[in-house]
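Peer 1:
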Amino acid sequence: MITVRAKICGIRSESDLRAALAADADAVGFISGVTHFSEDVVDAAHARRLSRLVPATVDRVLVTHLTSAAQILDLADRISVDCIQLHGLITLETVRAVKDRADGRRVIRAVHVTGPEAIGAAVAVAPDCDGIVLDSRSANRLGGTGRTHDWTISARIVDKLAGLGFPVMLAGGLNPHNVAAAIEAVRPSWVDVNSGLDDPHGDKDPLACAEFVRAAHHAPRPTTVPDRPPRVRERLPRPSPR
């Protein structure tokens with residue numbers, strides 16, 4: 001029985017997508033609309049072409065740094081996704097505005113774990129979104145750093161939100177070799193990976209993708225993982241192409 005889901009982010013080509021789908025990933029992420037550096041950014045037209053190739057059993061996630069609710073929602077419409085991951089430096093008001101107009105799409109907010117203050121930030125944003133992703137960041141990157149953060153802080157966030165059955169995704173420096181330990185330490189509902197699966201050319205390595213997903217899916221069940229991660233048992237209809 002699968003209890004921890006796996007998202008593979010930074011999909012930028014059909015070969016990346018094939019590797020993720022062959023690995024049985026539960027979600028794939030397209031990075032578009034950025035304010036900080038990412039090697040894996042794709043424009044809306046290309047992301048839309050890739051999105052159309054994703055089967056209905058796999059969630060399509062827009063990962064964006066944009067800070068305007070109108071621009072975020074327009075980009076999500078153009079690409080046609082199931083979930084919007086707000087990874088930029090945005091206000092709670094923007095999160096609420098996106099959530100209010102999401103049109104059936106789930107909204108996930110990134111919380112960058114740079115210190116204990118992340119606990120309060122996660123608790124504050126939780127009522128206005130459908131999940132959070134705990135990620136690392138650096139001076140010039142809002143994700144894709146290849147660096148882990150303090151998992152003890154992330155574990156405290158999971159504990160704080162566990163009573164609500166609130167899904168938490170763990171990201172930041174994960175790879176096939178440390179994901180099992182990360183799940184044991186943090187007890188997330190989902191794990192999210194990007195650069196940890198790249199080959200020397202920056203493309204997704206099919207073997208690494210398969211190893212990562214397998215390790216996540218077979219990790220021992222954490223007691224605080226919500227029984228109903230987002231859209232695993234009851235899937236919302238996909239937005240119509242616009």
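Per the working numbering, residue 1 is the first one in the sequence shown, and the count goes up by one each step.
In this text, a Cβ means the ideal position worked out from N, Cα and C, and glycines have one as well.
Computed from a predicted model, the values in this text were never measured in an experiment.
1) Classify T91 as helix, strand or coil using the three-state DSSP reduction.
2) Please list, in chain order, all residues of the same chain as R18 whose beta carbon is under 6 Å from its beta carbon, the five residues on each side excluded.
3) Which residues share a DSSP beta bridge with F30?
4) Would you grab the beta carbon distance between I8 and V193 for me? Rounded to a whole angstrom, and I think it's under 8 Å.
5) Within 10 angstroms of its Cβ, does H65 collect 16 or more other Cβ (buried), or is it exposed?
6) Does A188 pass the burial test, meaning 16 or more other C-beta atoms within 10 Å, or should it be called exposed?
7) In whole angstroms, what separates the C-alpha of V125 from that of G33?
8) Give me whichever residues DSSP pairs with G104 in a beta bridge.
9) Starting from the C-beta of A27, find all residues in its chain whose C-beta is less than 6 Å away, skip the five residues before and the five after it, and write them out in chain order.
10) What ranges does the beta strand (DSSP E) occupy inside the stretch 145-190, keeping only unbroken runs of at least 3 residues that lie completely in it?
11) With DSSP as the reference, label L86 as helix, strand or coil.
12) Helix or strand or just coil, what does DSSP make of V193?
13) With three or more beta-carbon pairs closer than 8 Å as the criterion, would you say the stretch 102-109 touches the stretch 71-89?
14) Could you tell me the boundaries of the alpha helix (DSSP H) in which D77 lies?
15) With DSSP run on the structure shown, which of helix, strand or coil describes I132?
16) Can you tell which of R49, S51, R101, I183 has the C-alpha that lies nearest to the C-alpha of Q71?
17) Can you give me the C-alpha to C-alpha distance between S13 and P176, rounded to a whole angstrom?
18) Taking the C-alpha atoms as reference points, what is the distance between R96 and N178?
19) For G131, is the classification buried or exposed, using 16 other Cβ atoms within 10 angstroms of its Cβ as the cut-off for buried?
20) Identify the continuous alpha helix (DSSP H) that holds R48 and give its terminal residues.
21) What are the start and end residues of the beta strand (DSSP E) that includes R12?
22) How would you write the range of the alpha helix (DSSP H) that G120 sits in, first residue to last?
Peer 2: This is what the structure gives:
1) coil
2) none
3) L62
4) 6 Å
5) buried
6) Correcting the residue identity first, residue 188 is Pro in this sequence and not Ala. It counts as buried.
7) 22 Å
8) Note: G104 sits in no beta bridge, so no partner.
9) K7, D59, V61
10) 168-170
11) strand
12) strand
13) yes
14) 69-79
15) strand
16) R101
17) 21 Å
18) 34 Å
19) buried
20) 44-51
21) Counting along the chain, R12 falls outside any beta strand (DSSP E), and DSSP gives it neither H nor E.
22) 117-125
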